[in-house]
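Visitor:
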């Protein structure tokens, strides 16, 4: 296979990982956004619904971003170097947001309930969930914008203006909106799965409203692209026209599915919508990876590296995807499928048996032959 | 502060921080597998209570390990874009594979931590197996990349651009076998001694029961199985360094002049101006024998390379001696423990308070050894970022604000470290019995 073909496959893999990150990790950021916006008497219950949706999966979702990064640096090293150099400031901001989002969520869970510290970390979690997708959106806008130049190995870009254009801000707002739509739609579907009408009433109107707002921001971003970023605009209405139109149609279909009460369908549609948007971005700037100097052809690693990266990614997915599927089946499927005896209930029953034994027959307690616990001589 | 100093400090702080959590993330699954396995097989509630406690601590540690690992994946590019632009076509792949391993670890950790109430006892225990495998795999892959920086292989370059790559040869570079195994064993070692220290401390406080004695025994068991093997691997590692990185060995041993029949000089402060080592003892010909198996072998000194290519001799030498000294201690103290265990019988309280105190001290000291070992391999390679291929100063970013980001990240790490310690203490204070899980459904807003 030619290097270009291999490079295109690698770019498709990166696109796949980026889409997975947006669809899954984006929804986790969206959860944080709704956590921040939770108000009134139902706020606690909303936050609990968000936390239980995120808890088991957010760390796995976060790894898609690491994939995007390591696949990029393996297959297109100069792309990673150029983006990291030119966008040093927003990437550092995004990184701080990612650290605080993850750590704060974990810390809040570990503190449990009714603790001031849990509340403080909860606040950190939700604020970081707003900042991070916004900055990531700005970074995407900057990469598409065409102000990062690479001459040989030297990166030439303004460290501030590259990512602070009106278009980049619109991209940031759009990313933020998309995350909130993803989260609200998933939470609506999950409320239906759990038979929780109260949460359904909370998140359904938010999903529709956020969808409308995000669509409006998307339209503004497109107009800004038309005026300020001719390359992006030409791509979106040229090569990527079918994907752009598809994104609009699927967006409308998502709203329709929500209004008609088909929430699980809406969940799939909004994920497809996200994939189409990221796909449209990618196709619009094909064959450029960083407009206007780095292309699939001139930025790719040697063919041997690309080939092995593709083989490893495919083999890795063979292990990864079933594991991921298992994770989502266990935590995202109706609660009726749980086993009768769980690890926790088994351990608790052992403990009760043991307490009974200790109170009734302490004298025949052999040191290690009996189940552990309180030995008579332990009181000393 | 110039970019180079700021970037080096930033990278050093990030790695020193991450390595602690990464090591525990590799080692703790082994203890979980054993403890919960014993609970399941022997129908034993105490082993379950231990596994449950460790799983809560692991949950916190893994979060910090995951976010600090994400930080590193950003920082490689943010701080060293020119290094990554050059090298990642060659060594990107192990990071991608590490990514898969880490992904599996995150998935099965989610299943393990949140699955106590969802999975059958057997399925829940089985989740520890991918955790063990993925933890070991991710450590192995990521260390192959560091090994490549020490002994680069598998590529040709022209004018600072890599033109052909053999990624497999890069992964299996000369340093890979010894360095990966040495690091992997270190992960298990520190986990064992860290856990032992926690329970030794509890026993000193008079909490002498099966729960705490078992926690201690399992930790010491892991540490004492690994420590002697680590001695053998460490020795192999040093001999490898003697052959492939003679300058690093010279810095480790503070050997200023190329010497035939070189003496081993443990301890001591190297004096860079006079080329002498103060406050040391000399064991004649031992270094030649240790490095090459021949008491009269010639060992290359620092004088074989120009002064500007010398590593940081003082730090490398002191870190090396610290690591070796603590490594020996980690072999000896467990022997003391097992002798006491044998003489007193396994069910009775553990021997002397001095033994317990030694075990408490060995917890933090084992981490010191881990950090020291990492300092040896990194500082000993200076001024090269890729040994004999690229200098550190040629890899650094030209971007502004690196000093500011260093301050920012130091602040973040302090906040993360303090919170982690507070949370671990909180987890430690909970009743030791197995409890139904409420912690993962936080309702912090109920306060307000």
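Residue numbers (my numbering), protein chains in the order written: chain A, 1 to 380; chain B, 1001 to 1448.
Each residue gets a CB set at the ideal place from its N, CA and C atoms; glycine is no exception.
Hey, residue 243 of chain A and residue 276 of chain A are a contact pair by Cβ (cut 8 angstroms); roughly how many whole angstroms apart?
Guide: As a first step, residue 243 of chain A is located in the first chain; it is residue number 243 there, counting from the start. As a first step, residue 276 of chain A is located in the first chain; it is residue number 276 there, counting from the start. The Cβ separation is near 5 angstroms, so the contact holds.
Visitor: As a quick exercise: from B/1219, B/1240 and B/1200, pick the residue whose alpha carbon is nearest that of residue 1175 of chain B.
Guide: Indexing the second chain from 1 puts residue 1175 of chain B at position 175. Closest by alpha carbon: B/1240.
Visitor: Skipping 5 residues on each side, what residues in its chain have a beta carbon closer than 6 angstroms to that of residue 1257 of chain B?
Guide: Walking along the second chain from the start, residue 1257 of chain B turns up at place 257. Closer than 6 angstroms at Cβ, skipping near neighbours: 1301 and 1303.
Visitor: Let's test the definition: count the other Cβ atoms within 10 Å of the Cβ of residue 197 of chain A and tell me whether it reaches 16, buried, or not, exposed.
Guide: As a first step, residue 197 of chain A is located in the first chain; it is residue number 197 there, counting from the start. Exposed, since its Cβ has fewer than 16 Cβ neighbours within 10 Å.
Visitor: For residue 1130 of chain B, which residues of its own chain have a beta-carbon under 6 angstroms away from its beta-carbon, when the five flanking residues on both sides are left out?
Guide: As a first step, residue 1130 of chain B is located in the second chain; it is residue number 130 there, counting from the start. The residues are 1104 and 1108.
Visitor: Residues of chain B with CB under 7 angstroms from residue 84 of chain A, in chain order?
Guide: For the purposes of this step, residue 84 of chain A is taken as the residue at position 84 of the first chain. Residues of chain B passing the Cβ test: 1077, 1078 and 1081.
Visitor: Leaving out five residues on either side along the sequence, give the residues of the same chain with a beta carbon under 8 angstroms from the beta carbon of residue 1026 of chain B.
Guide: Residue numbering aside, residue 1026 of chain B sits at position 26 when the second chain is read from its first letter. Result list for residue 1026 of chain B: 1135, 1136, 1138, 1139, 1184, 1187, 1188 and 1191, in chain order.
Visitor: Using Cβ-Cβ distances below 9 angstroms, what residues of the region 1029 to 1047 of chain B are close to chain A?
Guide: The residues in question are 1036, 1039, 1040, 1042, 1043, 1044, 1045, 1046 and 1047.
Visitor: Tell me the DSSP secondary structure of residue 1157 of chain B in three-state form.
Guide: The sequence position of residue 1157 of chain B within the second chain is 157, counting from 1. Here residue 1157 of chain B sits in strand by DSSP.
Visitor: Can you tell which of A/176, A/280, A/252 and A/262 has the C-alpha that lies nearest to the C-alpha of residue 234 of chain A?
Guide: Here residue 234 of chain A refers to the residue found at position 234 when the first chain is read from its first residue. Of the listed residues, the one whose Cα sits closest to residue 234 of chain A is A/280.
Visitor: So, under 8 angstroms CB-CB, residue 1358 of chain B and residue 1290 of chain B are touching, yes? Tell me the CB distance rounded to an integer number of Å.
Guide: As a first step, residue 1358 of chain B must be located in the second chain, where it is residue number 358. As a first step, residue 1290 of chain B must be located in the second chain, where it is residue number 290. Contact doesn't hold; Cβ gap of about 27 angstroms is too wide.
Visitor: Tell me, to the nearest whole angstrom, how far the beta carbon of residue 177 of chain A is from that of residue 213 of chain A; I am working on the premise that it is less than 8 angstroms.
Guide: Working through the first chain from its first residue, we reach residue 177 of chain A at position 177. Working through the first chain from its first residue, we reach residue 213 of chain A at position 213. Right, their Cβ atoms sit about 6 angstroms apart.
Visitor: Closest by CA to residue 1150 of chain B, which one among B/1062, B/1250, B/1384 and B/1285?
Guide: Residue numbering aside, residue 1150 of chain B sits at position 150 when the second chain is read from its first letter. It is B/1384.
Visitor: So, residue 1211 of chain B versus residue 1435 of chain B, is the Cβ gap smaller than 8 angstroms?
Guide: Numbered from 1 along the second chain, position 211 holds the residue referred to as residue 1211 of chain B. Numbered from 1 along the second chain, position 435 holds the residue referred to as residue 1435 of chain B. In this structure, residue 1435 of chain B does not lie closer than 8 angstroms to residue 1211 of chain B by Cβ.
Visitor: Could you name the residues of the same chain whose beta carbon sits closer than 6 angstroms to that of residue 1298 of chain B, not counting the 5 residues immediately before and after it, in chain order?
Guide: Position 298 of the second chain holds residue 1298 of chain B. So the list reads 1260, once near-sequence residues are dropped.
Visitor: Could you check whether the Cβ of residue 25 of chain A sits closer than 8 angstroms to any Cβ belonging to chain B?
Guide: Against the first chain, residue 25 of chain A aligns to sequence position 25. No, no contact with chain B.
Visitor: At least one CB of chain A closer than 8 angstroms to the CB of residue 1383 of chain B: is that the case?
Guide: Residue numbering aside, residue 1383 of chain B sits at position 383 when the second chain is read from its first letter. No, because no Cβ of chain A sits closer than 8 angstroms to the Cβ of residue 1383 of chain B.
Visitor: Identify, in the order they occur along the chain, each residue of the same chain with its Cβ nearer than 7 angstroms to the Cβ of residue 1052 of chain B, setting aside the five sequence neighbours on each side.
Guide: Translated into positions along the second chain, residue 1052 of chain B becomes position 52. 1434.
Visitor: By the criterion of Cβ-Cβ separation under 8 angstroms, what are the contact partners of residue 103 of chain A in chain B?
Guide: Locating residue 103 of chain A in the first chain gives position 103, where the first residue counts as 1. Per Cβ cutoff of 8 angstroms: 1063, 1064, 1067, 1416 and 1419.
Visitor: In the region 68 to 153 of chain A, which residue ranges form an unbroken alpha helix (DSSP H) of at least 4 residues, counting only runs that do not cross its ends?
Guide: Whole alpha helix (DSSP H) segments, 4+ residues: 77 to 86, 88 to 111 and 116 to 145.
Visitor: Measuring alpha carbon to alpha carbon, tell me which of B/1404, B/1410 and B/1414 ends up nearest residue 1003 of chain B.
Guide: The residue given as residue 1003 of chain B occupies position 3 in the second chain. For residue 1003 of chain B, the nearest C-alpha among the options comes from B/1404.
Visitor: With a cut-off of 8 angstroms, do at least 3 Cβ pairs link the region 110 to 124 of chain A to the region 1064 to 1076 of chain B?
Guide: With the cut-off at 8 angstroms, the region 110 to 124 of chain A and the region 1064 to 1076 of chain B do not touch.
Visitor: Would DSSP call residue 994 of chain B helix, strand or coil?
Guide: This structure leaves residue 994 of chain B out entirely; chain B is present only between 1001 and 1448.
Visitor: Mind checking residue 37 of chain A: buried by the 16 CB within 10 Å criterion, or exposed?
Guide: As a first step, residue 37 of chain A must be located in the first chain, where it is residue number 37. That one is exposed.
Visitor: Rounded C-beta distance between residue 15 of chain A and residue 278 of chain A? I'm assuming under 8 angstroms.
Guide: The sequence position of residue 15 of chain A within the first chain is 15, counting from 1. The sequence position of residue 278 of chain A within the first chain is 278, counting from 1. Right, the Cβ-Cβ distance comes to about 7 angstroms (below 8 angstroms), so this counts as a contact.
Visitor: Identify each residue in the region 1146 to 1172 of chain B for which the Cβ-Cβ distance to at least one residue of chain A is less than 8 angstroms, and report them in chain order.
Guide: Hits within the stretch, in order: 1160, 1161, 1162, 1163, 1164, 1165, 1166, 1167 and 1168.
Visitor: Cβ closer than 9 angstroms: which chain A residues qualify as neighbours of residue 1074 of chain B?
Guide: Translated into positions along the second chain, residue 1074 of chain B becomes position 74. Here the neighbours are 69, 84, 91, 92, 94, 95 and 98.
Visitor: Is DSSP giving residue 1447 of chain B helix, strand or coil here?
Guide: Translated into the one-based positions of the second chain, residue 1447 of chain B becomes position 447. Reliability of the predicted coordinates at residue 1447 of chain B is poor, the pLDDT of 31 falling under 50, and the value obtained from them is presented with this limitation in mind. Helix, per DSSP.
Visitor: Would you say residue 1070 of chain B reaches chain A, if we count a Cβ-Cβ gap shorter than 8 angstroms as a contact?
Guide: Along the second chain, read from residue 1 onward, the residue named residue 1070 of chain B stands at position 70. Yes, residue 1070 of chain B lies at the interface with chain A (some Cβ there is under 8 angstroms from its Cβ).
Visitor: Below 7 angstroms on C-beta distance, what does residue 1117 of chain B contact in chain A?
Guide: Counted from its first residue, the second chain places residue 1117 of chain B at position 117. Residues of chain A passing the Cβ test: 342 and 344.
Visitor: On the DSSP letters alone, give me the boundaries of the alpha helix (DSSP H) that residue 1271 of chain B sits inside.
Guide: Here residue 1271 of chain B is taken as the residue at index 271 of the second chain, counted from 1. Element bounds for residue 1271 of chain B: not the alpha helix (DSSP H) but the beta strand (DSSP E), 1269 to 1271.
Visitor: With C-beta atoms as the reference, is residue 271 of chain A less than 8 angstroms away from residue 23 of chain A?
Guide: On the first chain, position 271 is the one that residue 271 of chain A refers to. On the first chain, position 23 is the one that residue 23 of chain A refers to. Closer than 8 angstroms, so yes.
Visitor: Taking residue 60 of chain A as the query, report the chain B residues whose CB atoms sit under 7 angstroms from its CB, ordered along the chain.
Guide: The residue you call residue 60 of chain A lines up with position 60 of the first chain. In chain order: 1103, 1106, 1107 and 1110.
Visitor: So which residues on chain B does residue 128 of chain A lean against when the C-beta distance must stay under 8 angstroms?
Guide: For the purposes of this step, residue 128 of chain A is taken as the residue at position 128 of the first chain. Correct list: empty, because the minimum Cβ distance to chain B is about 11 angstroms.
Visitor: Is there at least one Cβ from chain B nearer than 8 angstroms to residue 358 of chain A's Cβ?
Guide: Counted from its first residue, the first chain places residue 358 of chain A at position 358. Cβ-Cβ to chain B under 8 angstroms: no for residue 358 of chain A.
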